[in-house]
Ligand SMILES: [Mg+2]
Ligand SMILES: [Zn+2]
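The following block contains the structure:
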């Protein structure tokens, strides 16, 4: 039988704020244990929460970026459960009135080949709500150790509809969602730091069936590739269970990315009963049109929209757009360079960035894009030098490498190193060509015997002597002229 | 709420993370039964179309600006902790 | 008022301090000595820090000598109910759970009183986590009523009322969730003010029921209540439920608001269960107001009969969640018997909480649990709306309501062992909390047996100025508040 997988993702994204969501002590990662607390974080007797305006802004912005409806009024609820990482033993969250409802994440599926764009589709969202993160537990053999630094960090919970059908779709969803959050400045989404965390609800059903199968919750998908591998594994596991006549049980499974296996978490002592009720310590949030518009004005163009625009406006091939758009800084770098170099140079600029700039940035110990010494003005100047014929392509590569290292202007590098294409000097060119022919009697004989490709043997020495200043077509012409002579 | 309320004390005590002695179970069952019986009369009130009151004097958008202020030094944060090691709070092993 | 310093009002002492007739140190020593003398019989205090109090008094004297006195509370010994945080001081909520807890931070009211120059004198006993009406639910033993040591002082702010009535403090703070300031004030013969919800910050008040709790003063006179409220009231950015209301000069307003007032008498507050002596005293108070030119009219608060149930659902539900933090992990009592984390909670909470707290946590957990939320909590919130509307409707015709504070005077220690019987002590006070209104209890007489009786006046939201003026008018016409217990 053929099965169809049905997948919904629940993604938690830590919002990048200076202070925590319900108190103004600093939020952060990598600090010594229990140094980011205050009486509110520790839930000391008598403490009360106060909302963080920036966390609300971020939640609304996330909703706007994902085309969700922003609730005109939302409120706070307490989700009651006991766990040592939860200082109050309730989590302040949003139950029946989330801040954002609906919306969608646009995803791009893998194309038939690497250089061919895949299909795009919208994965609908159920809701986005704001809540607080918990602390962190470290386990030893006999004890658990608690660090509350993370407790109270603002979290967005983004819940998709169960409308993905493969691990690839889930992967594409997470890739797009992550880029959106980074683009919007909402989060850095570093999964290693737990800034983006993903749980998946997975079921399978025979193709054609509309009823949902038994749902399994897969936890600890803590890298993007684990999401793909874990979901893939779970779908295969479920199919295998059904095919050997087994029955799936509703359970929570823990995925171990290191071993590529998953195991059932011991079923909880009792079914969850979170006893949600409105938090009496917090007042509702009312979002008016003016507030929404203020944030809408800050919303950037998203990667896939940018991809469409780059293809149209700059006539870029998919091989370039698919690389340029996923990093906002890289896309901005491209557009700024094109602005300076001229629209007709867009593809040339794109090639420089995708091939040369990214290669240099990928080197060990290379700076990040923001710190790179090569600025768009440098690259634009170089592109213009090549375009005007002042610098040959071969020399330009050398100039770029040096420019990346030093941040010097391309003109200065070309002048200092004599890498500018010489103004036509037939005498000099003839001299280099004669010397090259004289230096290789064997090739001379072969060419004269009719082996045309033998001419290439002279070009290297000519180019070397010219230090890149020679124009290859002219070198070719001069060689043929001399070889044809006596 | 029309029928007599049933309080599954065992279940509720588990939810509330309270270990109750047998004597407490018996006493609470009886006392809470009486209280719940009394509370039954609320079912008689017609609340059709009545909005719930969550706050006596609601205002909206009460927040602070996102400026981090100093918190507690770790020693002060852990001063009341029953058990700690290396600035972490120690609890018996958490089993899932 | 008696001659002893420790029985004087803030207003009187303020004059003496200003005139340098008495120093803050002398006053504090007098209160400390009085406390020494009576505390063995009273048990109003959970802890006391004499050295700290004297140091604060000394600082006050130094300020005054430098011409930098901060106002009427500078140098006045004020006791705090042991549910209000003071940095560096114990905060027990009269619970075994917090027996060793020391607060690293100040409540907002603490910070405000410090800024006003008050001298902190002691942490006062109360019902555990403010749950009770007799102070018998304290893990550290009950407090006695100074008027009759075999009787309760009321509760939950029983220590605050008893210490004040006995001269072991000049003013105290209590907290009032369902009557916990007003009822003990009535039973101990002092003034107790429960402010409008949101007028005084709850930051640093150990939460019982967040939507009902308010901190307020217990004082010897209405003027003192106005002085205290002036220091306590005002918007606090640390409490999201703190209301951005304008704060008048309550003390000055006392003289500017002469009345007469239109007073409503809620008929539902004079039914079965009301002690005849209490009823008679309250009726004499009505006569007084009539004689002052006030109009009195009967009003109806038709949902009064549902107040108790509504209150017990909302208060216990909120409490069950508010008290979840007491788990023996970060602070508080930790059981040594626990095998794992779940067991740690169950055992620590079983050992740390007393019976009444457990009962309310169980009830609150139950009413919020799956399948019961709509029938209990949500319904109670809707009935709460109706209860609020009753009061607001009444205020279309009257300026304030007049009722007994407690249906009965102080009862014997151990007399009311049944929770439901004890819950009925609050029937006249809890409607005020559900509606979020301000109310004050003022002494209005004594029983033949010498027990104080309290008159409750209920005002419009954030209209403490008129409410206190109304109470002050009664006080000026009587001298109940000048009587002191013989201890
Ligand atoms: Mg969730
Ligand atoms: Zn969540």
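Protein chains in written order, with this note's numbering: chain A, 2 to 487; chain B, 5 to 100; chain C, 130 to 616.
Virtual Cβ for every residue (Gly too), placed ideally from N, Cα, C.
Assigned secondary structure, residue i (DSSP; H/G/I helix, E/B strand, else coil)
{"i": "residue 357 of chain C", "result": "helix"}
{"i": "residue 169 of chain C", "result": "helix"}
{"i": "residue 2 of chain A", "result": "coil"}
{"i": "residue 89 of chain A", "result": "coil"}
{"i": "residue 305 of chain C", "result": "strand"}
{"i": "residue 256 of chain A", "result": "strand"}
{"i": "residue 343 of chain C", "result": "strand"}
{"i": "residue 79 of chain B", "result": "helix"}
{"i": "residue 300 of chain A", "result": "coil"}
{"i": "residue 392 of chain A", "result": "strand"}
{"i": "residue 15 of chain B", "result": "helix"}
{"i": "residue 15 of chain A", "result": "strand"}
{"i": "residue 88 of chain B", "result": "strand"}
{"i": "residue 334 of chain C", "result": "strand"}
{"i": "residue 264 of chain A", "result": "strand"}
{"i": "residue 120 of chain A", "result": "coil"}
Residue i at chain A interface by Cβ criterion, 9 Å
{"i": "residue 43 of chain B", "result": "no"}
{"i": "residue 47 of chain B", "result": "no"}
{"i": "residue 69 of chain B", "result": "yes"}
{"i": "residue 96 of chain B", "result": "yes"}
{"i": "residue 440 of chain C", "result": "no"}
{"i": "residue 517 of chain C", "result": "no"}
{"i": "residue 54 of chain B", "result": "no"}
{"i": "residue 89 of chain B", "result": "yes"}
Euclidean distance between Cα positions of residue i and residue j
{"i": "residue 597 of chain C", "j": "residue 420 of chain C", "result": "19 Å"}
{"i": "residue 376 of chain A", "j": "residue 339 of chain C", "result": "57 Å"}
{"i": "residue 117 of chain A", "j": "residue 90 of chain A", "result": "51 Å"}
{"i": "residue 559 of chain C", "j": "residue 214 of chain A", "result": "51 Å"}
{"i": "residue 207 of chain C", "j": "residue 353 of chain C", "result": "12 Å"}
{"i": "residue 72 of chain B", "j": "residue 53 of chain A", "result": "10 Å"}
{"i": "residue 476 of chain A", "j": "residue 410 of chain A", "result": "28 Å"}
{"i": "residue 443 of chain A", "j": "residue 341 of chain A", "result": "49 Å"}
{"i": "residue 176 of chain A", "j": "residue 313 of chain A", "result": "23 Å"}
{"i": "residue 561 of chain C", "j": "residue 568 of chain C", "result": "7 Å"}
{"i": "residue 380 of chain C", "j": "residue 599 of chain C", "result": "13 Å"}
{"i": "residue 413 of chain C", "j": "residue 244 of chain C", "result": "41 Å"}
Interface flag, residue i vs chain C, CB-CB below 9 Å
{"i": "residue 90 of chain A", "result": "yes"}
{"i": "residue 63 of chain B", "result": "yes"}
{"i": "residue 21 of chain B", "result": "yes"}
{"i": "residue 270 of chain A", "result": "Its pLDDT being 43, under 50, residue 270 of chain A is placed unreliably in this model, and the coordinates cannot settle the point."}
{"i": "residue 92 of chain B", "result": "no"}
{"i": "residue 86 of chain B", "result": "yes"}
{"i": "residue 78 of chain B", "result": "no"}
{"i": "residue 134 of chain A", "result": "no"}
Within-9 Å CB hit, residue i to chain B
{"i": "residue 296 of chain A", "result": "no"}
{"i": "residue 18 of chain A", "result": "yes"}
{"i": "residue 596 of chain C", "result": "no"}
Residue i, enclosing beta strand (DSSP E) - first and last residue
{"i": "residue 582 of chain C", "result": "581-587"}
{"i": "residue 573 of chain C", "result": "568-575"}
{"i": "residue 533 of chain C", "result": "529-533"}
{"i": "residue 595 of chain C", "result": "Unbroken run through residue 595 of chain C is the alpha helix (DSSP H), 593-605; no beta strand (DSSP E)."}
{"i": "residue 96 of chain B", "result": "92-96"}
{"i": "residue 78 of chain A", "result": "78-81"}
Where the alpha helix (DSSP H) containing residue i begins and where it ends
{"i": "residue 200 of chain C", "result": "Where residue 200 of chain C is concerned, there is no enclosing alpha helix (DSSP H), given that its DSSP letter is neither H nor E."}
{"i": "residue 32 of chain B", "result": "26-43"}
{"i": "residue 227 of chain A", "result": "225-244"}
| message | Quick check for students: name the residue ranges of the beta strand (DSSP E) that lie wholly in the segment 178-219 of chain A, counting only runs of 3 or more. | response | 197-207
| Which ranges would you report for the alpha helix (DSSP H) in the segment 208-273 of chain C if only whole runs of at least 4 residues count? | 237-244
| request: Please list the segments of the beta strand (DSSP E) lying wholly inside the segment 126-186 of chain A, counting only runs of 3 or more residues, in order along the chain. | output: 137-140, 144-148, 155-161
| said: Just to confirm the assignment: which complete alpha helix (DSSP H) runs, minimum length 4, are found wholly within the segment 385-439 of chain C? | reply: 405-420
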